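Heads up: the structure comes next, in structure tokens.
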Amino acid sequence: MESEIRRLEQTARLLEPDSLQRNDLFEQASDWAETFLAGLPASPAYSPAPEQRKFSNDLRPAEEGTGMDALLKILNRDLIETGINPASGRFLGYIPGGGLYPSALGDYLAAITNRYAGVYYASPGAARMENELVRWMAEVAGYPEGAVGSLASGGSIANLTGIVAARDAAGVTGEKISKSVVYLTEHAHHCIDKALRIAGLGGCVLRRVAVDSRCRMDAAALNTAIFEDRRAGLIPWLLVASAGTTNTGAVDPLPDLADIARENGLWFHVDGAYGAFFNLCPPGKAALIGMEESDSIVMDPHKTLFLPYGTGAVLLKDRSALSVSHRMSADYMQDAVVSDEELSPADLSPELTRHFRGLRLWLPLRLFGVGVFRAALSEKILLARYFYEQIRELPSIEVGSYPELSVATYRFLPERGDPDEFNQRLIGEIVKDGRIFLSSTRLNGKFTLRLAVGCFRTHLDDINETIEILVRTAKRLQEEI
Ligand SMILES: *Cc1c(COP(=O)(O)O)cnc(C)c1O
126 MESEIRRLEQ TARLLEPDSL QRNDLFEQAS DWAETFLAGL PASPAYSPAP
176 EQRKFSNDLR PAEEGTGMDA LLKILNRDLI ETGINPASGR FLGYIPGGGL
226 YPSALGDYLA AITNRYAGVY YASPGAARME NELVRWMAEV AGYPEGAVGS
276 LASGGSIANL TGIVAARDAA GVTGEKISKS VVYLTEHAHH CIDKALRIAG
326 LGGCVLRRVA VDSRCRMDAA ALNTAIFEDR RAGLIPWLLV ASAGTTNTGA
376 VDPLPDLADI ARENGLWFHV DGAYGAFFNL CPPGKAALIG MEESDSIVMD
426 PHKTLFLPYG TGAVLLKDRS ALSVSHRMSA DYMQDAVVSD EELSPADLSP
476 ELTRHFRGLR LWLPLRLFGV GVFRAALSEK ILLARYFYEQ IRELPSIEVG
526 SYPELSVATY RFLPERGDPD EFNQRLIGEI VKDGRIFLSS TRLNGKFTLR
576 LAVGCFRTHL DDINETIEIL VRTAKRLQEE I
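Okay, structure coming up:
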């Protein structure tokens with residue numbers, strides 16, 4: 126057996142490249158990243174996946190190893206040259222992402238050291254770092270000391286975690302489910318519906334509360350709905366407000382909603398996956414007043430802190446609420462000493478072993494300083510408002526409401542023909558062109574275009590180019606009609 130083990134060892138040792146090999150691999154990856162970054166300004170924000178093209182077998186694992194060189198070429202062909210390019214400053218659709226360079230280094234160091242961030246005992250430093258980040262985010266949200274939370278993979282899981290805590294705090298189980306009412310608007314992110322279903326709450330009553338002309342929840346309508354539900358023998362339970370809807374960036378009237386939630390004993394959950402971090406900058410703060418009065422809140426560092434995908438966060442005001450839902454133990458974990466000073470991330474989320482997400486967030490925050498993020502976030506809001514003010518002056522454009530955060534909505538009104546059709550064709554042409562990427566939505570039944578500023582690479586020149594491309598393309602389409 127010994128010789129067999131030795132024989133296997135020789136192959137197994139290939140998993141540990143030596144220093145020279147590591148340097149070589151690193152350099153190749155780093156060169157590749159540099160080429161990618163250098164090419165970004167000129168590369169398209171969107172490239173269609175050619176329909177006929179078949180992916181080769183290169184994306185499948187193979188029995189034999191392949192050189193790094195060849196693998197990076199595969200990435201160029203199959204990854205970089207297709208689809209949306211969220212690293213581009215001219216990606217202005219949906220909710221843009223980011224991909225801060227130091228986050229990549231944070232991931233690199235997290236992977237190299239492979240610290241176990243789930244349990245305080247296993248890595249006091251990693252758990253402490255994540256707890257400090259949570260405490261900092263709680264400050265950003267305006268939550269008091271003692272709030273808890275966890276870093277999740279994204280906003281959907283963060284919302285699910287918040288909803289599960291709300292469920293357990295109110296004991297929404299069994300027959301109570303079909304009587305419990307959730308209040309939200311048609312603009313709430315669909316991950317809320319999904320989270321309710323996953324949490325076994327698909328049978329709850331979903332009350333879509335009316336919105337005002339700016340797509341914000343109508344507080345009076347909410348009051349009426351709660352009153353009527355109670356009269357009908359139902360149990361008003363959960364109020365889900367948006368601190369920046371994905372559709373239009375609208376912020377629900379949070380102070381009014383907080384009052385109503387308090388008066389009626391509702392759990393007040395704020396989905397700030399897109400918007401909450403704008404609280405770091407003055408124009409955002411003005412729009413987000415009242416957010417701090419919620420019981421739970423979601424904020425996505427991979428949206429408005431410009432991190433690469435894979436980092437969301439949920440915060441809860443009441444320390445006990447999260448651990449009621451998630452604290453568990455197991456015999457094989459009996460050696461792990463529970464710390465009262467520092468919580469273990471695993472006790473606050475469904476995950477046990479998890480990505481050490483803290484490092485990709487901590488590194489850029491400490492390296493640049495929070496002040497740089499404040500400036501960048503102010504800039505993004507002002508860019509959306511600048512865009513709005515520029516296009517509002519143009520003939521044959523109808524704009525939506527003034528951007529509270531960094532989303533502007535608008536539609537062209539052609540001289541002839543159906544406006545819906547025209548705007549749909551326009552967005553098709555823009556996407557096909559690929560230099561900028563925009564997306565659309567439906568507001569009050571009308572086909573509406575959006576501009577969402579959120580990538581840290583988006584600056585004034587990109588917005589000016591966007592306006593130029595929009596105007597030119599619209600003009601060309603008008604002439605074709
Ligand atoms: C993006 C978004 C979500 C979902 O978050 P993911 O990180 O994509 O899972 C939830 N709510 C709002 C308002 C969002 O913009």
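Numbering (this note's numbering), first residue to last: 126 to 606.
For glycine and all other residues, C-beta sits at the position ideal for the given N, C-alpha and C.
Source: prediction; values computed, not measured.
Paired residues, beta bridge with residue i - DSSP
i	result
Ala438	Leu276, Met424
Glu523	Arg536
Ala366	Val395
Pro361	Val306
Met342	Val336
Lys83	Shown here, the chain extends from 126 to 606; a query on residue 83 therefore has no answer.
Ala320	DSSP, once it has assigned bridges, lists no residue as partnering Ala320.
Gly208	Ser172
CB contact flag (residue i, residue j, <9 Å)
i	j	result
Ser181	Glu206	no
Ala294	Val449	yes
Leu440	Ile422	yes
Arg332	Ala350	yes
Glu270	Ala263	yes
Thr310	Thr370	yes
Gly325	Ser303	no
Leu508	Val596	no
Leu563	Ile555	yes
Phe403	Cys580	no
Thr534	Thr583	no
Leu490	Leu234	no
Ser228	Arg240	no
Leu363	Val306	yes
Ile606	Arg560	no
His394	Gly296	no
Ser503	Cys406	yes
Closest by C-alpha distance to residue i, when choosing among the options
i	options	result
Asp183	Lys198, Ala174, Ala170, Pro169	Lys198
Ala277	Asp232, Gly483, Gln135, Leu530	Gly483
Arg536	Ala599, Trp487, Gly559, Gly579	Ala599
Thr236	Arg479, Met453, Ala174	Here residue 236 turns out to be Ala, not Thr, going by the sequence shown. Ranking the options by Cα distance to Ala236, first place goes to Arg479.
Glu476	Arg132, Glu605, Arg452, Ala461	Arg452
Asp99	Leu139, Pro169, Ala252	Any property of residue 99 remains undetermined from this structure, which presents the chain solely from 126 to 606.
Asn589	Thr566, Gly223, Glu514	Glu514
Pro426	Ala446, Arg444, Ala401	Ala401
Pro544	Thr573, Asp558, Leu502	Thr573
Ser155	Leu405, Ala187, Ser248, Asp194	Asp194
Asn284	Asn201, Val365, Ser168	Val365
Asp381	Glu417, Leu359, Ala357, Cys406	Glu417
Asp343	Lys410, Lys319, Arg131, Ala375	Ala375
Phe493	Leu139, Arg444, Leu225	Leu225
Thr436	Arg444, Lys410, Trp487	Trp487
Ile385	Ala345, Arg341, Ile360	Ala345
Ala501	Leu585, Asn348, Ala320	Leu585
Pro166	Asp443, Arg601, Asp587, Glu593	Asp587
Ala266	Lys301, Arg147, Ser419, Glu466	Ser419
Arg341	Ala320, Tyr308, Pro361, Lys319	Tyr308
Glu300	Ile360, Ser521, Gln459	Ile360
Pro470	Gln459, Leu447, Ile552	Leu447
Ala320	Asn348, Arg356, Ala290, Leu347	Ala290
Lys505	Asn348, Val336, Gly222	Gly222
Classification of residue i by the beta-carbon crowding that lies within 10 angstroms, buried from 16 upward
i	result
Pro408	buried
Ser338	exposed
His315	exposed
Asn548	buried
Tyr399	buried
Glu613	This structure cannot settle anything about residue 613, because the visible part of the chain is limited to 126 through 606.
Glu529	buried
Asp377	buried
Lys557	exposed
Phe352	exposed
Leu468	buried
Thr298	exposed
Phe649	Nothing about residue 649 can be read from this structure; the chain reaches only from 126 to 606.
Asn201	exposed
Arg292	buried
Tyr219	buried
Gly280	buried
Ser474	buried
Ile130	exposed
Met424	buried
Gly570	exposed
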